[in-house]
Amino acid sequence: MDAPRRPVARLLRSRTGRVAAGVALALAAVAAVRAARGTAAPGYAVERRPLVQRVVASGRVMAPARIQVGAVATGKVAAVRVDEGDAVRAGDLLVQLDDAEARAALAQARAQVLQAAARLEQSRGPAARGASEALRQAELRVELAERARERARSLADAGSASVAQLDDAEQALALARSARESALAQATAAAGAGPDQRLAEAALAAARGAEEVARARLEDRQLRAPAAATVILRDVEPGDTVTAGARLLVLARTGETRLSVEPDEKNLALLRAGQPARAVADAFPDAPFEATVSFLAPSVDPARGTVEVRLAVPAPPPFLRPDMTVSVNVEVGRKAEALVLPADAVRDAGGSPWVLAVRGGRAERRAVRLGLRGDGLVEIAEGLAAGDEVLAPSAAVAEGSRVRVRRLPGPELGRAL
Numbered sequence: 002m003d004a005p006r007r008p009v010a011r012l013l014r015s016r017t018g019r020v021a022a023g024v025a026l027a028l029a030a031v032a033a034v035r036a037a038r039g040t041a042a043p044g045y046a047v048e049r050r051p052l053v054q055r056v057v058a059s060g061r062v063m064a065p066a067r068i069q070v071g072a073v074a075t076g077k078v079a080a081v082r083v084d085e086g087d088a089v090r091a092g093d094l095l096v097q098l099d100d101a102e103a104r105a106a107l108a109q110a111r112a113q114v115l116q117a118a119a120r121l122e123q124s125r126g127p128a129a130r131g132a133s134e135a136l137r138q139a140e141l142r143v144e145l146a147e148r149a150r151e152r153a154r155s156l157a158d159a160g161s162a163s164v165a166q167l168d169d170a171e172q173a174l175a176l177a178r179s180a181r182e183s184a185l186a187q188a189t190a191a192a193g194a195g196p197d198q199r200l201a202e203a204a205l206a207a208a209r210g211a212e213e214v215a216r217a218r219l220e221d222r223q224l225r226a227p228a229a230a231t232v233i234l235r236d237v238e239p240g241d242t243v244t245a246g247a248r249l250l251v252l253a254r255t256g257e258t259r260l261s262v263e264p265d266e267k268n269l270a271l272l273r274a275g276q277p278a279r280a281v282a283d284a285f286p287d288a289p290f291e292a293t294v295s296f297l298a299p300s301v302d303p304a305r306g307t308v309e310v311r312l313a314v315p316a317p318p319p320f321l322r323p324d325m326t327v328s329v330n331v332e333v334g335r336k337a338e339a340l341v342l343p344a345d346a347v348r349d350a351g352g353s354p355w356v357l358a359v360r361g362g363r364a365e366r367r368a369v370r371l372g373l374r375g376d377g378l379v380e381i382a383e384g385l386a387a388g389d390e391v392l393a394p395s396a397a398v399a400e401g402s403r404v405r406v407r408r409l410p411g412p413e414l415g416r417a418l
């Protein structure tokens with residue numbers, strides 16, 4: 002019974018051997034193909050993509066200029082018309098000092114002018130009296146115009162009159178003063194200048210000078226805004242007694258909002274006036290705004306290795322305040338289509354850049370020239386073409402080795418700020 006089984010067993014062993022041999026041959030063939038193709042290693046392909054290069058820096062919002070408003074005269078504060086944060090126009094009344102004595106002094110000076118003018122008229126002959134009367138009328142018109150100007154200014158301060166009305170009053174006063182000077186010249190020419198007349202003319206000139214001094218002292222009791230500005234500090238209250246020179250208010254001049262940042266000096270060659278930028282205040286991180294480079298400092302800070310860059314903000318957001326901390330991204334280069342690689346694929350990027358490229362299935366060192374850099378990418382200006390494959394730095398492959406690239410995804414493009 003054992004004899005028939007022996008051929009069957011031999012047949013089975015023969016078939017199993019052939020199958021095993023076939024499998025072994027197939028595996029050997031696969032291994033040979035893989036060996037011919039090389040080891041799989043991570044890498045990237047050169048792509049055409051948009052690229053923007055930016056310089057990042059932080060700094061602060063600048064106040065265009067700060068104006069110290071101080072008392073010109075010593076006196077008691079009658080009223081303070083502004084508070085911190087208020088916006089003022091040039092000429093707006095800020096602080097009113099008590100002016101009763103100054104007004105009385107001006108009235109007395111005006112009376113002395115009229116008396117001196119009367120004495121001058123008496124010293125002249127009949128032929129000059131007509132010109133003298135014209136001069137007296139001109140003096141009265143100047144006085145009336147001054148009072149009208151004061152009323153218009155008070156109404157404008159109270160909001161009851163427009164700036165145009167105040168301008169009209171100022172113009173009327175200027176015309177009245179010009180007419181007075183003309184009348185004085187005519188009166189002088191018409192009169193025969195005897196000794197008494199010359200003394201009277203000198204007395205009138207002195208009286209007019211005293212009147213101007215009294216008027217200036219009255220105006221010194223009113224502290225007005227020298228320019229359009231915002232009040233950022235108030236250090237005075239009604240009832241305070243202030244001395245000449247004491248600081249009462251600090252104003253930030255209204256004007257173009259500017260930012261001041263200090264990027265590393267290594268970026269100086271990339272920066273120039275006119276470059277666009279996006280900025281964001283640390284206090285409002287979700288509200289970026291546009292800015293433009295307007296100034297580069299001519300010198301570098303040797304202690305910190307930075308350079309001051311100022312940027313204009315053409316449309317400042319309402320929340321922006323002087324001395325706010327801001328972060329700025331200055332756009333120093335842009336291309337709609339560039340040959341790019343992830344930045345980590347380039348070796349010795351700061352010196353003689355090169356990549357480990359794959360050509361004909363083998364790794365080879367290839368020098369490249371770089372262009373723009375940004376968003377985790379670098380532009381390959383020379384040395385590679387679109388579609389070329391480059392090994393990632395994590396690939397443990399020696400130059401000249403057979404290799405095939407297992408492509409990795411490149412960084413996502415994002416918009417800074």
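Residue numbering for the sequence shown is 2 to 418, as defined by the numbering used here.
Quick reminder that beta carbons are idealized off the backbone N, C-alpha and C, glycines included.
Can you list, in chain order, the stretches of the beta strand (DSSP E) that have 3 or more residues and sit fully within the region 196 to 248? 223 to 225, 230 to 235
Those residues which DSSP pairs with F285 across a bridge: According to DSSP, F285 bridges with nothing at all.
DSSP state of V164, grouped into three classes? helix
Go through its chain and collect everything with a Cβ distance to A29's Cβ below 7 Å, but skip five positions before and after it. The predicted model places A29 with a pLDDT of 48, which falls under 50 and marks its position as unreliable; any figure quoted below should be read in that light. There are no such residues.
Cβ neighbour criterion (16 or more within 10 Å) applied to S133: buried
Within 10 angstroms of its Cβ, does Q97 collect 16 or more other Cβ (buried), or is it exposed? buried
Integer-rounded CB distance, given that V398 should sit under 8 Å from A364: 5 Å
Other residues of its chain near Q187: CB distance less than 6 Å, five sequence neighbours each side excluded: A132
Exposure label - D158; buried when at least 16 CB within 10 Å: buried
Could you check the C-alpha separation between L200 and T244 for me, to the nearest Å? 39 Å
What's the C-alpha gap between L272 and P319? 28 Å
Between the beta-carbon of G108 and the beta-carbon of L205, is there less than 8 Å? Going by the sequence as given, residue 108 is Ala instead of Gly. Result no, Cβ atoms of A108 and L205 do not sit closer than 8 Å.
V329 and A80 look like a contact to me (Cβ under 8 Å); what is the Cβ gap, rounded to whole Å? Rounded, the Cβ-Cβ distance is 43 Å, inconsistent with contact.
Classification of P394 by the beta-carbon crowding that lies within 10 angstroms, buried from 16 upward: exposed
Using the three-state DSSP reduction, which class does V114 fall into: helix, strand or coil? helix
Using three-state DSSP, classify E400 as helix, strand or coil. coil
In the structure shown, what three-state DSSP assignment does G44 receive? strand
Pairing CB atoms from the region 366 to 382 with CB atoms from the region 341 to 358, are three or more of them under 8 Å? yes
8 Å Cβ cutoff met for V310 and V237: no
Just tell me which of A64, D345, R49 has its CA closest to the CA of T258. A64
Assign E257 to one of three DSSP states: helix, strand, or coil. coil
According to DSSP, is L321 part of a helix, a strand, or is it coil? coil
Apart from the five residues on each side of it in sequence, which residues of its chain come closer than 6 Å, Cβ to Cβ, to E338? R49
Any idea if S124 is buried or exposed, counting beta-carbon neighbours within 10 angstroms, 16 or more meaning buried? buried
Between V327 and the rest of its own chain, which residues show a CB-CB distance below 8 Å, the 5 nearest in sequence each way excluded? S59, G60, R61, V62, L260, V262, A280, V281, A282, D283
Check this for me: beta carbons of V379 and V341, under 8 Å apart or not? yes
If you run the structure through DSSP and keep just helix, strand and coil, what is T75? coil
Using the three-state DSSP reduction, which class does G131 fall into: helix, strand or coil? helix
Rounded to whole angstroms, what's the CA-CA distance from A180 to A139? Just pull it up for me. 6 Å
In the DSSP assignment, what are the bridge partners of K336? L52
Beta-carbon within less than 6 Å of D93's beta-carbon, same chain only, minus the 5 sequence neighbours each way: which residues are those? A226
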